[in-house]
Structures are given as structure tokens and as C-alpha cells.
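Here is the structure we will look at.
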Amino acid sequence: MIKVLHGEDKLNSKLILSVFPGIDMLGKAFEETGFCVVRGPDLITGGDIRNFFPPANVFAGVIGGPPCQDFSGLNRSPGTYGHKMLDEYVRVVMQVNPDWFLFENVARAPSFEVQGFTQQRFALDLGWFTEFSRLRHFVFGSKSGLLLDPVKSQNKSISGGAVTGGDQRSFRACCDIQGLPSKFDLPSFTLAAKKQAVANGVPLQLGRYVAGLIHSNFYGSKDPLGVAEENIRRCCCECGRAVVGRALYASPACRKSAQRKRDKQKSLNGQLARS
Ligand SMILES: C[S@@+](CC[C@H](N)C(=O)[O-])C[C@H]1O[C@@H](n2cnc3c(N)ncnc32)[C@H](O)[C@@H]1O
Ligand SMILES: [Zn+2]
Numbered sequence: 053m054i055k056v057l058h059g060e061d062k063l064n065s066k067l068i069l070s071v072f073p074g075i076d077m078l079g080k081a082f083e084e085t086g087f088c089v090v091r092g093p094d095l096i097t098g099g100d101i102r103n104f105f106p107p108a109n110v111f112a113g114v115i116g117g118p119p120c121q122d123f124s125g126l127n128r129s130p131g132t133y134g135h136k137m138l139d140e141y142v143r144v145v146m147q148v149n150p151d152w153f154l155f156e157n158v159a160r161a162p163s164f165e166v167q168g169f170t171q172q173r174f175a176l177d178l179g180w181f182t183e184f185s186r187l188r189h190f191v192f193g194s195k196s197g198l199l200l201d202p203v204k205s206q207n208k209s210i211s212g213g214a215v216t217g218g219d220q221r222s223f224r225a226c227c228d229i230q231g232l233p234s235k236f237d238l239p240s241f242t243l244a245a246k247k248q249a250v251a252n253g254v255p256l257q258l259g260r261y262v263a264g265l266i267h268s269n270f271y272g273s274k275d276p277l278g279v280a281e282e283n284i285r286r287c288c289c290e291c292g293r294a295v296v297g298r299a300l301y302a303s304p305a306c307r308k309s310a311q312r313k314r315d316k317q318k319s320l321n322g323q324l325a326r327s
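Read in order, the letters of the sequence shown correspond to residues 53 to 327 in my numbering.
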């Protein structure tokens with residue numbers, strides 16, 4: 053029989069669901085941080101999220117991101133599949149009814165809202181943690197309204213690019229860049245499939261960082277900043293970072309991103325007025 057958790061019990065539970073797991077590099081980072089990760093179905097293991105109906109009130113968190121090919125700037129003929137999978141993601145989160153969720157994707161992934169959650173969206177680049185650059189966007193949502201305070205961009209020297217599916221570097225080198233241990237292997241995969249799966253994954257360095265933030269905010273000391281959540285002011289670009297003093301934005305990049313959003317909204321309003 054499934055034990056349904058409520059309130060504090062669920063919040064203290066470190067049982068989480070990973071959706072669209074692939075080889076689940078993101079889930080591995082959460083496991084290292086002390087979570088117990090249950091994996092949902094994936095096409096590469098013969099499953100399909102469209103046939104997946106998880107129980108409510110069992111998982112404290114949901115992690116993962118839908119396939120990003122249709123949202124990538126490199127894709128010359130994007131389709132609608134990515135959007136359908138994003139809808140599936142939202143459906144699963146609603147059904148699971150977790151305390152929090154973490155969505156991960158490319159920078160061009162569309163915005164979405166899950167009813168009942170306070171959300172923030174922020175970018176992290178592998179280049180802020182290592183010498184290799186890879187930009188990912190994260191959306192974090194929580195029922196309680198408690199948000200994360202992720203680092204802002206840090207200037208570091210970059211010596212190489214992200215791992216890609218058709219990467220010319222050796223499988224070992226690709227694993228190393230993505231933060232996988234030296235003995236990591238996928239013995240039943242072809243070399244091309246191994247590289248693709250590792251390229252699709254969230255670099256362990258980023259996964260560990262976000263898992264650590266969630267862990268310290270939700271499972272560490274109750275009041276990590278020493279300030280009640282309602283007294284923390286958040287950046288006006290909706291990245292959720294805390295701001296100090298009279299500042300409106302956490303960084304110059306936040307100010308630019310908020311300006312871009314306003315410009316986009318203005319041009320949408322203009323189009324609507326003309327139509
Ligand atoms: C970006 S990858 C996931 C990477 C993973 N988060 C990691 O860190 O290793 C997206 C995954 O979605 C899977 N996928 C695509 N369509 C799916 C569907 N209908 N049902 C389940 N999984 C699907 C793909 O096979 C792929 O493994
Ligand atoms: Zn911001």
C-alpha cells in the first residue's frame with residue numbers, strides 16, 4: 053500500500069520523482085546530495101510519459117526537463133513535440149502534487165506556469181564552475197513560496213564548448229567535461245548513443261549545485277538566510293535571487309533580461325492592437 057504523506061512529513065521526505073530521465077545525470081546529482089530518486093519512463097528504455105500516471109502526495113519533489121530539440125536555436129525546423137512534452141511535464145507535476153519542482157532546459161524553452169506554485173527562472177552556466185561552457189535554464193517552483201538564491205554569472209576563462217551528440221572528443225573526455233566519474237560507462241550502448249546520452253544530460257557540476265541549494269533551503273536549517281521569506285526582496289527579472297538594499301535587480305544581466313521581456317510584451321501588445 054502506498055503511504056500518502058501530508059504537510060511536514062512530505063516536506064521532510066527526500067523521495068523525489070525524475071521525469072524524462074534519459075540516463076538521469078540530474079537524478080545522480082540529487083542522489084549524491086542525499087535524495088532517493090525514482091525514475092519515470094523514458095523512450096530510451098521503452099517507456100512514454102503519456103502513459104504515466106503517478107500517485108499524488110507521495111513525492112516531495114519532481115525534477116527533470118522535456119526534450120529540448122524543438123526549443124534549441126540550432127534547430128532550423130522546430131516542431132510541436134517539445135511543447136506537447138512541456139504540457140506533459142506540467143500535467144505530471146500537477147498530478148504528483150509535490151512541495152517543489154525543478155525544471156531544466158535550454159535558454160529558449162518557453163515560459164510556463166504550474167498553478168499553486170511560486171516560481172522563479174534562472175540561468176546557470178557550466179563555465180561558471182569549470183572551464184567548459186554550457187548554459188542551462190532552470191525553473192524552480194515551490195508550494196510554500198520559498199525560493200532559491202542561485203549564484204549570478206561569474207567570469208572565468210573558458211577553454212572549450214559543451215559536449216554535443218556528434219562530439220569529436222573521446223567518450224572519456226565527454227564524461228569528464230560533464231562531471232561523470234572516470235569509470236562511468238553505458239556498456240549496452242553504441243559509441244554514438246553513449247555520447248548522445250551524455251550530451252543530453254545535465255552536467256553533474258550544475259546538478260550538484262542546484263540539488264545542494266534545494267537541500268539547504270528545504271532540508272537544512274529552516275531559515276538559511278536568517279531572514280523570514282516574506283521579508284526577502286526578490287529580483288524584478290523573476291529569477292528569484294535575493295536583492296539587497298534598494299537594488300531592483302540582482303545583476304546587470306537581470307536588468308537586461310527584464311528590459312527584453314518588456315520589449316517583447318510591447319511588441320506583442322502592438323501586434324494584438326493591429327490584429
Ligand atoms: C534532455 S534528456 C534528459 C536528460 C536527463 N535529465 C539527464 O540529466 O541525464 C530528455 C529525455 O526525454 C526523453 N523523452 C522524449 N520524449 C519522451 C516521452 N514521450 N516519454 C518519455 N521520455 C521522453 C528522451 O528520450 C530523453 O532521454
Ligand atoms: Zn534577476
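Each residue gets a CB set at the ideal place from its N, CA and C atoms; glycine is no exception.
In this text, all values refer to a predicted model and were calculated from it rather than measured experimentally.
Excluding the 5 residues flanking residue 182 on each side, which residues of the same chain have their C-beta closer than 7 angstroms to its C-beta? 257
Note the first and the last residue of the continuous beta strand (DSSP E) segment covering residue 328. As displayed, the chain neither begins before 53 nor continues past 327, which places residue 328 out of reach and without an answer.
For a test of the three-state rule: what should DSSP assign to residue 303, helix, strand or coil? coil
Can you give the Cα-Cα distance for residue 259 and residue 233, rounded to whole angstroms? 14 angstroms
So does the region 245-257 actually touch the region 160-171, counting three or more Cβ pairs closer than 8 angstroms? no
Collapsed DSSP secondary structure at residue 83 in the structure displayed: helix
Please classify residue 65 as buried or exposed, where buried requires at least 16 other C-beta atoms within 10 Å of its C-beta. buried
Should residue 68 be listed as close to ligand 1, given that the test is whether its C-beta is under 7 angstroms from any heavy atom? no
Just to confirm, does residue 123 get its C-beta within under 7 angstroms of one of the non-hydrogen atoms of ligand 1? no
According to DSSP, is residue 223 helix, strand or coil? helix
Segment limits, alpha helix (DSSP H) that includes residue 167: Unbroken run through residue 167: none, as it is neither H nor E.
Do the region 218-226 and the region 149-158 touch if we need at least three Cβ pairs shorter than 8 angstroms? no
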